[in-house]
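Asks: Each residue of the sequence shown is one higher than the last, beginning at 34 in this note's numbering.
Questions regarding the structure given below will be posed in turn.
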Amino acid sequence: MSLTSSAAHLARRAAQRERVRILYRRALKDTLNWAVHRHLFYGDAANLRERFEQHRHVEDLDTIDRMIEDGEATYNKWRHPDPYIVPWAPGGSKFTRNPTPPEGIEIVYNFGREDND
């Protein structure tokens, strides 16, 4: 194997690892969206991890690419239609609920504890 093909092989493997990592994290977060209770999530998360671990030692690059594409297609097919969004994150129910007041309006945070000089 020449130096160029070795570098290309390593670069492709690194890209595949990154795609698998991203797919696993997305699927794990989406599994939490489907779980009604946390104890149900733990079992689903363990099953998901087993599915990824089954193919951990596959070495053929084309097979790995095909498996990643199949996994991404399955993820997109079963993705939750209404995922949980943290309330204060963009898209959450409390995001910018209380916008900053306009200029000229002062908020007194120590109301009732002012100095009486």
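Beta carbons are placed, not taken as given, at the ideal position from N, Cα and C, and that holds for glycine.
If you're wondering where the values come from, they're calculated on a predicted model, not measured in any experiment.
Taking contact to mean 3 or more Cβ pairs, one atom from each stretch, closer than 8 Å, check whether the region 96-105 and the region 44-56 are in contact.
Replies: Yes, they touch.
Asks: By Cβ distance, which residues of its chain are closer than 6 Å to residue 65, with the 5 residues on each side in sequence left out?
Replies: Correct list, in chain order: 74.
Asks: Our contact map puts residue 126 next to residue 132 with C-beta atoms below 8 Å; I'd like the distance itself, whole angstroms only.
Replies: 15 Å between Cβ atoms; not a contact.
Asks: How would you label residue 60, buried or exposed, when you count the other beta carbons within 10 angstroms and need 16 or more for buried?
Replies: Result: buried.
Asks: Does the distance from the C-beta atom of residue 116 to that of residue 63 stay below 9 Å?
Replies: Yes; because the gap between Cβ atoms is below 9 Å, this pair is in contact.
Asks: How is residue 98 classed by DSSP in three states: helix, strand or coil?
Replies: Three-state DSSP puts residue 98 in a helix.
Asks: Which class does residue 53 belong to by DSSP, given the choice of helix, strand or coil?
Replies: Helix at residue 53.
Asks: If you follow the alpha helix (DSSP H) that residue 75 is part of, which residue opens it and which one closes it?
Replies: Residues 71-86.
Asks: Check this for me: beta carbons of residue 94 and residue 130, under 9 Å apart or not?
Replies: It is not a contact, given that the beta carbons lie outside the stated cut-off.
Asks: For residue 85 versus residue 57, is the C-beta spacing smaller than 9 Å?
Replies: Yes, these two residues count as a Cβ contact at 9 Å.
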